[in-house]
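Novice:
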């Protein structure tokens with residue numbers, strides 16, 4: 037057979053196949069498609085039912101149980117149930133119920149007999165004795181034959197009777213309890229309702245926010261091989277500590293309190309006078325945060341309460357330059373590190389100069405020049421391998437002659453640097469200040485700089501601001517990418533303040549976090565970095581008015597704490613304070629404030645409500661009153677705070693101090709401050725003395 041004939045035969049074969057075989061081969065494919073469609077339909081139905089349960093039915097059930105209407109119902113029913121007849125009836129019910137529970141058969145028989153006798157008496161007098169007697173006998177025999185029913189009926193009678201009997205006592209005691217005082221003083225209307233809290237401040241709300249902003253959480257709540265939409269059941273089972281920050285439990289509004297949370301994308305602010313609870317709440321946030329933590333404080337108590345728990349997540353570092361609490365530092369960090377980069381030098385100089393308080397004598401106008409000069413000195417030190425002690429020596433000796441070892445030496449180092457390493461403007465700014473004939477101008481600038489570096493006059497502080505034996509250098513990139521904790525501790529001193537050093541280190545971590553976040557998915561850190569700034573206006577006066585604008589969008593959770601709103605204005609100015617206040621999504625204001633302006637500001641944010649007031653003609657009228665008047669805001673009990681969150685109505689929350697937790701662990705062992713200082717001096721590398729010898 038020729039090739040042409042073979043090709044013709046092959047081309048005819050397919051058309052000659054058996055149709056029954058084609059149908060048989062297509063059958064498995066059709067069955068598989070049907071099964072796939074059925075599985076997809078079943079998954080869709082399951083997802084729909086789960087969504088209805090978790091996001092509609094279950095919240096509606098909780099809302100009904102927690103409705104403030106129950107409180108109004110009890111208020112209306114209490115006067116009636118506390119009367120003598122109601123109490124006697126309740127005691128009778130209690131006695132009958134107790135008898136039915138303890139002795140079901142005899143009590144049931146006796147109850148039936150009582151019903152028979154009572155029915156007979158009433159029936160004879162009304163002509164219905166036979167019918168009532170029969171009904172009593174039937175009920176009595178029923179109770180006697182079915183003691184289980186007697187137990188159930190008795191249990192209900194005991195519960196009802198006990199509640200009614202206890203109502204007068206509870207009504208007298210409740211107003212004197214902490215919760216009762218709060219609800220009595222502040223009422224139930226006008227505050228955030230259950231649905232308001234559920235949609236914006238509940239665990240459900242912060243879980244939904246975490247799924248939308250954090251890829252790692254979104255991947256956990258999506259079933260593999262199904263729709264990319266999150267499974268409702270999986271979302272509600274994500275640990276809430278991974279998604280938000282606990283703010284307390286509501287005590288006004290809903291009858292049953294609801295735990296309130298702020299999402300990690302939110303900025304949280306606490307306003308509280310000393311010893312009112314802001315640090316007690318801050319400890320919870322540090323322990324529960326899922327990512328790296330930087331915490332600042334004026335005392336060592338945050339480290340003692342939280343370091344042990346944070347050690348379960350990652351390495352714990354302590355930066356305690358002053359040795360408060362006789363505890364040394366575990367890391368050292370020099371403000372000079374990285375300043376060979378002009379942008380880093382300028383940013384660090386701005387943080388250090390901005391951390392000092394300037395008076396009202398016009399000193400602010402020298403800040404820009406001071407930042408330029410300090411940036412040049414930091415850059416010169418880093419390029420030449422010098423440390424912070426050298427920068428301090430240059431500041432304290434503003435001489436243009438390089439042979440004196442003053443600022444002129446830094447100018448010579450910058451002028452001799454390789455081409456392209458130092459911007460021309462940096463050298464020109466330093467040269468202009470050193471060569472100026474306006475002595476007052478130069479002295480004012482260097483006086484400002486001396487305040488920014490005066491912490492270097494303390495040998496103990498200088499030891500941790502320069503390369504130090506026995507301690508590790510702090511690595512900001514490694515810290516941001518891990519889950520460790522860094523505790524910054526410093527006191528508020530009028531002279532030689534530690535604030536410039538702590539502000540520079542905090543700013544270094546923040547800028548590093550921004551650079552790392554830019555390389556991550558969605559431009560966010562996952563897990564987020566937590567910056568918990570206790571007494572922010574005193575020891576870490578970083579530029580919060582700029583940070584709070586976009587920190588949440590970069591995966592940086594900021595929480596600040598101050599003693600009053602006016603303290604914000606004192607440190608950041610009126611406009612800066614307004615910016616911080618407006619950009620803070622969740623504000624916690626504790627009792628004890630006494631300034632009228634501060635109280636009025638918070639009271640206005642809480643809004644108004646209408647209360648019924650009696651009138652002379654007997655008609656009920658409504659009066660518009662403050663939900664939280666200033667005088668009552670000042671009288672908030674201990675461990676209570678007004679919570680104002682975004683556009684949600686205000687509420688009052690109760691917190692528990694961190695030291696009452698049962699999962700606290702002892703902090704890791706840290707060398708004593710005196711031992712660290714002695715070892716540094718014995719090694720012969722104490723920074724300040726070494727530079728003076730040079």
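Residue numbers (our numbering): 37 to 730.
Cβ coordinates follow ideal geometry from the N, Cα and C atoms, glycine included.
From residue 221 to residue 668, what distance separates their C-alpha atoms?
Specialist: In the chain shown, the residue the question calls residue 221 occupies position 185. In the chain shown, the residue the question calls residue 668 occupies position 632. Residue 221 and residue 668: Cα-Cα distance of roughly 7 Å.
Novice: Assign residue 94 to one of three DSSP states: helix, strand, or coil.
Specialist: Locating residue 94 in the chain shown gives position 58, counting from the first residue. Three-state result, residue 94: helix.
Novice: Could you tell me which residues DSSP pairs with residue 647 in its beta bridges?
Specialist: Working through the chain shown from its first residue, we reach residue 647 at position 611. DSSP lists 659 as partners of residue 647.
Novice: Assess contact between the segment 588–607 and the segment 262–271, defined as three or more Cβ pairs (one per stretch) separated by less than 8 Å. Is contact present?
Specialist: Touching, no.
Novice: Please say whether residue 229 and residue 289 have beta carbons closer to each other than 8 Å?
Specialist: Here residue 289 refers to the residue found at position 253 of the chain shown. Here residue 229 refers to the residue found at position 193 of the chain shown. Contact: yes.
Novice: Taking only the alpha-carbon atoms, compute the straight-line gap between residue 393 and residue 498 and give it to the nearest angstrom.
Specialist: Against the chain shown, residue 393 aligns to sequence position 357. Against the chain shown, residue 498 aligns to sequence position 462. One C-alpha to the other measures close to 21 Å.
Novice: Which word fits residue 306, buried or exposed, when buried means at least 16 other C-beta atoms lie within 10 angstroms of its C-beta?
Specialist: The residue labelled residue 306 in the question sits at position 270 within the chain shown. Burial call: buried.
Novice: Given a cut-off of 8 Å on the beta-carbon distance, is the pair residue 704 and residue 352 in contact?
Specialist: If you number the chain shown from 1, residue 704 lands on position 668. If you number the chain shown from 1, residue 352 lands on position 316. Cβ atoms of residue 704 and residue 352: closer than 8 Å.
Novice: To test your reading of the DSSP string, which unbroken beta strand (DSSP E) runs of 3 or more residues are found completely within the segment 217–270?
Specialist: Listed in chain order, there is nothing to give.
Novice: Can you give me the C-alpha to C-alpha distance between residue 315 and residue 570, rounded to a whole angstrom?
Specialist: The residue labelled residue 315 in the question sits at position 279 within the chain shown. The residue labelled residue 570 in the question sits at position 534 within the chain shown. Residue 315 and residue 570: Cα-Cα distance of roughly 7 Å.
Novice: Going by alpha carbons, who is nearest to residue 104 out of 293, 77, 707, 66?
Specialist: Here residue 104 is taken as the residue at index 68 of the chain shown, counted from 1. Out of 293, 77, 707, 66, 293 has the C-alpha closest to the C-alpha of residue 104.
Novice: Could you check where the beta strand (DSSP E) with residue 430 kicks off and where it finishes?
Specialist: In the chain shown, counting from the first residue as 1, residue 430 sits at position 394. Here residue 430 belongs to no beta strand (DSSP E); instead the alpha helix (DSSP H) covers 424–432.
Novice: Who are residue 568's beta bridge partners in DSSP?
Specialist: Numbered from 1 along the chain shown, position 532 holds the residue referred to as residue 568. For residue 568, which the question treats as bridged, DSSP gives the partners 331, 595.
Novice: Out of 637, 634, 659, which has the shortest C-alpha to C-alpha gap to residue 645?
Specialist: The residue given as residue 645 occupies position 609 in the chain shown. The option with the nearest alpha carbon to residue 645 is 659.
Novice: Say yes only if the C-beta of residue 238 is nearer than 7 Å to one or more non-hydrogen atoms of the ligand FMN, and no if none qualify.
Specialist: For the structure depicted, the ligand FMN is absent and the ligand set is empty, with no information on it obtainable.
Novice: Assuming residue 502 and residue 381 are in contact, meaning their beta carbons sit under 8 Å apart, how far apart are those beta carbons, in whole angstroms?
Specialist: Locating residue 502 in the chain shown gives position 466, counting from the first residue. Locating residue 381 in the chain shown gives position 345, counting from the first residue. The Cβ separation is near 17 Å, so there is no contact.
Novice: Going along the chain, which residues of its own chain have a beta-carbon closer than 8 Å to the beta-carbon of residue 130, five neighbours each way excluded?
Specialist: By 1-based counting over the chain shown, the position of residue 130 is 94. Counting only Cβ-Cβ distances below 8 Å, and skipping sequence neighbours, we find 193, 194, 197, 198, 201.
Novice: What did DSSP end up calling residue 295 once you bin it into helix, strand or coil?
Specialist: Taking the chain shown and counting its residues from 1, the one referred to as residue 295 is at position 259. In the structure shown, residue 295 sits in a strand (DSSP, three-state: E or B).
Novice: Since residue 687 and residue 365 should fall inside the 8 Å C-beta cutoff, what is the C-beta to C-beta distance between them, to a whole number of angstroms?
Specialist: As a position in the chain shown, residue 687 is number 651, starting the count at 1. As a position in the chain shown, residue 365 is number 329, starting the count at 1. In fact, because the Cβ distance is near 41 Å, the residues do not count as touching under 8 Å.
Novice: If you drop the 5 nearest sequence neighbours on each side, which residues of the same chain put their C-beta closer than 8 Å to that of residue 403?
Specialist: Residue 403 sits at position 367 when you count from the first residue of the chain shown. Same-chain partners within the cutoff: 389, 390, 394, 484.
Novice: Check residue 686 in the structure and name its three-state DSSP category.
Specialist: Position 650 of the chain shown, counted from the start, is the residue given in the question as residue 686. Reduced to three states, the DSSP call for residue 686 is coil.
Novice: How about residue 369 and residue 541: do their beta carbons lie closer than 8 Å?
Specialist: Taking the first residue of the chain shown as 1, we reach residue 369 at position 333. Taking the first residue of the chain shown as 1, we reach residue 541 at position 505. Yes, the Cβ-Cβ distance between residue 369 and residue 541 is below 8 Å.
Novice: With a Cβ-Cβ cutoff of 8 Å, do residue 511 and residue 252 count as a contact?
Specialist: For this step, residue 511 is matched to residue 475 along the chain shown. For this step, residue 252 is matched to residue 216 along the chain shown. Result no, Cβ atoms of residue 511 and residue 252 do not sit closer than 8 Å.
Novice: For residue 623, which beta-bridge partners are listed by DSSP?
Specialist: As a first step, residue 623 must be located in the chain shown, where it is residue number 587. DSSP output for residue 623 lists 305, 680 as bridge partner(s).
Novice: Could you please give the first and the last residue of the uninterrupted alpha helix (DSSP H) stretch that includes residue 280?
Specialist: Position 244 of the chain shown holds residue 280. Taken as a continuous stretch (DSSP letters only), residue 280 belongs to no alpha helix (DSSP H), being part of the beta strand (DSSP E) at 280–286.
Novice: Quick one: what does DSSP say residue 508 is sitting in, helix, strand or coil?
Specialist: Locating residue 508 in the chain shown gives position 472, where the first residue counts as 1. Strand, per DSSP.
Novice: So what's residue 75 in DSSP terms, helix, strand or just coil?
Specialist: Reading the chain shown from its first residue, position 39 is the one you call residue 75. Looking at residue 75 - three-state DSSP - the assignment turns out to be helix.
Novice: Using a 10 Å radius around the Cβ and a threshold of 16 neighbouring Cβ atoms, would you call residue 649 buried or exposed?
Specialist: Reading the chain shown from its first residue, position 613 is the one you call residue 649. Burial call: exposed.
Novice: Compare the C-alpha of residue 706 against each of 237, 576, 363 and name the closest.
Specialist: Here residue 706 is taken as the residue at index 670 of the chain shown, counted from 1. When each option's Cα is compared against that of residue 706, the closest is 363.
Novice: Pair every Cβ in the segment 609–622 with every Cβ in the segment 299–313, then say whether three or more of these pairs are closer than 8 Å.
Specialist: Touching, yes.
Novice: Hey, could you find the ends of the beta strand (DSSP E) residue 521 is sitting in?
Specialist: Sequence index remark: in the chain shown, residue 521 carries index 485 (1-based). Run containing residue 521: 521–525, per the beta strand (DSSP E) assignment.
Novice: Taking the straight line between their C-alpha atoms, what separation do you get for residue 446 and residue 664?
Specialist: Here residue 446 refers to the residue found at position 410 of the chain shown. Here residue 664 refers to the residue found at position 628 of the chain shown. Their backbone Cα atoms lie some 59 Å apart in a straight line.
Novice: Once DSSP output is grouped into helix, strand and coil, what is the label at residue 205?
Specialist: As a working mapping, residue 205 is identified with position 169 in the chain shown. Residue 205: helix per DSSP, three-state reduction.
Novice: State buried or exposed for residue 71, treating a residue as buried only when at least 16 other CB atoms are found within 10 Å of its CB.
Specialist: The residue given as residue 71 occupies position 35 in the chain shown. Under this definition residue 71 is an exposed residue.
Novice: Rounding to the nearest angstrom, what Cα-Cα distance links residue 552 and residue 211 in this structure?
Specialist: For this step, residue 552 is matched to residue 516 along the chain shown. For this step, residue 211 is matched to residue 175 along the chain shown. Cα to Cα, residue 552 sits roughly 53 Å from residue 211.
Novice: Please report the Cβ distance between residue 629 and residue 600, rounded to the nearest whole angstrom; I am assuming they are in contact, meaning their Cβ atoms lie under 8 Å.
Specialist: The residue labelled residue 629 in the question sits at position 593 within the chain shown. The residue labelled residue 600 in the question sits at position 564 within the chain shown. About 6 Å; that satisfies the 8 Å criterion.
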